[in-house]
Amino acid sequence: MKKRFIFGVLAFCALAAICTASKHEPTAKKIKVKPPIEYMPVPSFVNETANYIHYKEQLSPFFEKLRQLKNGEISRLHILHIGDSHLQAGFLPGELRYLLQATFGNAGRGLVFPYQIAKTNAPFDIRTESNIEWECSRNININHDVPIGVCGYSMRTAKSGFTVDIQLKNHEDHFNKVSILGNNSEEAFNIELWGEPESVLAIQKTPFKAGSCFLLDKPRTGMTVSGKKVVEGAAYFTMQGLLLENTENKGILYSAAGVNGASYYSYNRSEQFIEQLTALEPDLIIVSLGTNEAADANMSLPFIQKQVMGFLENLKKNSNCKSILIVTPPDIYLRSRYKTKHSMELAEMMHDVAKSYGGIAIWDFYEVMGGYGSVNSWFNANLAANDRIHYSIEGYKLQAQLLFKAMMKAFEQ
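What follows is the structure in structure tokens.
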């Protein structure tokens with residue numbers, strides 16, 4: 211009985227000590243630990259020794275800002291990725307966006323376009339619809355009835371009472387700032403943003419060089435853009451893309467713009483490409499073009515080199531971005547069955563341009579994927595499509611991971 215009494219007193223004292231300590235000592239905050247990134251196994255036919263950024267010193271301005279972001283000295287970086295169908299599908303950009311934002315923070319979904327309204331394929335994480343038919347155009351069209359901007363697609367209407375509904379499927383992609391790229395000729399339309407339930411969002415308009423910019427009442431993953439005509443005449447409202455940002459989060463804003471069939475020539479003849487690109491203020495521009503040039507059986511290397519030089523000169527002359535990364539085109543087959551050295555010739559030309567022109571870094575994906583004929587190995591491993599030009603979802607995911615690893619290696623060095 212005496213022993214039970216002693217044990218009871220000791221237990222009571224221990225409990226009292228714990229309770230007293232909890233009153234006077236601060237409770238430790240729970241630290242949210244992000245799960246480590248899980249990379250896919252890299253097949254043996256991939257040349258991992260070649261997976262690095264050539265002329266990486268040219269990306270020093272971007273890497274310095276990335277260091278500042280990592281150390282909390284700045285709150286946001288914007289990466290703009292321009293390309294062709296490899297980007298429009300959304301799988302490669304989606305994986306690269308995930309890797310960058312999982313490492314450095316999510317500052318928003320970035321650039322989007324209502325692809326479904328333009329009756330073309332869209333990234334898997336966005337749904338768009340409208341109550342009207344729009345007049346649409348893209349930068350590969352011979353004639354641009356609608357001016358083309360940085361997204362490579364444009365759509366316009368003269369009808370009043372239109373709506374464009376945009377919903378993001380990833381619940382982490384909240385946005386509270388919306389920039390609409392385009393032209394509201396003579397302010398002919400009154401533009402409003404609606405949320406759910408049906409009510410006008412509490413918003414504030416802010417200046418934006420390439421269209422209209424709105425601050426929302428709170429972060430959201432969906433909205434409806436509505437426009438009502440307020441003047442007579444045949445004035446148009448043109449929508450050329452939307453930039454979705456989350457100003458409450460620190461991190462990377464990653465934007466991707468891809469157009470099926472696009473080439474350097476396509477972007478060079480896009481009237482408002484540079485104007486809108488400059489307004490987006492990217493800290494790094496990644497360019498993934500050249501596949502459609504390589505797929506041309508009658509490819510003219512001098513013509514393409516002229517287009518590449520013109521594209522880069524336009525960027526360097528008119529953009530404040532000091533960091534440009536060129537991704538070489540992948541190995542492909544012509545007409546799904548004939549090997550070609552076109553991609554190799556283009557990659558060599560791009561290296562020559564980088565060496566002579568300066569200010570350009572290169573990620574040589576042609577070399578990394580295995581070089582001449584290697585796309586067939588990717589196909590046999592279920593990483594490439596039947597056309598030996600495009601890739602499976604897993605193939606695009608592997609590409610994004612290889613590019614991310616190369617970027618991080620250069621950053622750490």
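Residues 211 to 623 in our numbering are what the sequence shown lists, from first letter to last.
Cβ coordinates follow ideal geometry from the N, Cα and C atoms, glycine included.
The beta-carbon distance between D597 and S546, rounded to whole angstroms, is 5 Å. This is short enough to meet the 8 Å contact definition. In this structure, Y265 lies away from F323, with their beta-carbon atoms at least 8 Å apart. Rounded to the nearest whole angstrom, the C-alpha separation of G371 and A595 is 42 Å. The secondary-structure analysis by DSSP pairs H288 across a beta bridge with L463. In the DSSP assignment, K438 falls within the unbroken beta strand (DSSP E) covering G432 to K439.
A Cβ-Cβ contact shorter than 8 Å links A472 with I350. Nearest in C-alpha terms to F314, of all of G432, M365, K275 and L593, is K275.
For the set I284, G580, S566 and S529, the Cα lying nearest the Cα of M554 is the one of G580.
Closest by C-alpha distance to I536, out of A610, H384 and A571, is A571. By the Cβ criterion, the stretch 270 to 286 is not in contact with the stretch 417 to 437, since fewer than three pairs of Cβ atoms, one from each stretch, lie closer than 8 Å.
Going by DSSP, A571 is part of the beta strand (DSSP E) stretching over I570 to W573. Contact between K415 and S422 holds: CB atoms are separated by about 7 Å, below the 8 Å threshold.
By the Cβ neighbour-count rule, N386 is buried, with 16 or more other Cβ atoms within 10 Å of its own. L511 sits exposed, since fewer than 16 C-beta atoms from the chains shown fall within 10 Å of its C-beta. Apart from sequence neighbours up to five positions away, the residues of its chain that approach S602 with a beta-carbon distance below 8 Å are N592, L593, A594 and A595, ordered along the chain. Between L287 and I462, the C-beta gap is smaller than 8 Å, which places the two residues in contact. No Cβ-Cβ contact shorter than 8 Å links L522 with Y576. DSSP places D541 in no alpha helix (DSSP H); its state is neither H nor E. Taking all protein chains shown into account, S584 has 16 or more neighbouring C-beta atoms within 10 Å of its C-beta and is therefore buried.
Along the length of the stretch 343 to 383, whole alpha helix (DSSP H) runs at least 4 residues long do not occur. The straight-line gap separating the alpha-carbon atoms of E382 and S480 is approximately 33 Å.
Looking at the DSSP output, M554 shares a beta bridge with no other residue. About 19 Å separates the beta carbon of V356 from that of E339, a gap too long to meet the 8 Å contact definition. Rounded to whole angstroms, the gap between the alpha carbons of L378 and I247 is 23 Å. Three or more Cβ pairs closer than 8 Å define a contact, and the stretch 330 to 337 falls short of that threshold against the stretch 483 to 490. In this structure, the alpha-carbon of S389 lies about 43 Å from that of S587. By alpha-carbon distance to Y475, the top candidate from M509, E458 and G318 is M509.
The stretch 258 to 272 makes no contact with the stretch 445 to 457, as fewer than three CB pairs between them are under 8 Å. F272 carries a helical assignment under DSSP once its states are collapsed to helix, strand and coil.
The residues A504 and M509, in chain order, have a CB closer than 6 Å to that of H552 in the same chain once the five nearest residues on each side in sequence are set aside. Nearest to R366 by C-alpha distance, out of L310, N393 and H384, is N393. Residue burial annotation: I542 is buried, with at least 16 other C-beta atoms found within 10 angstroms of its C-beta. Shown here for A616: same chain residues with a beta carbon closer than 6 Å to its own, the five before and five after excluded, namely N261, Y262, I263 and W573 in chain order. Under the criterion of beta carbons closer than 8 Å, K460 and S295 do not qualify as touching, at roughly 33 Å.
Residue range I603 to E622 is occupied by the alpha helix (DSSP H) that includes K619.
DSSP places G318 in the coil class of the three-state scheme, outside both helix and strand.
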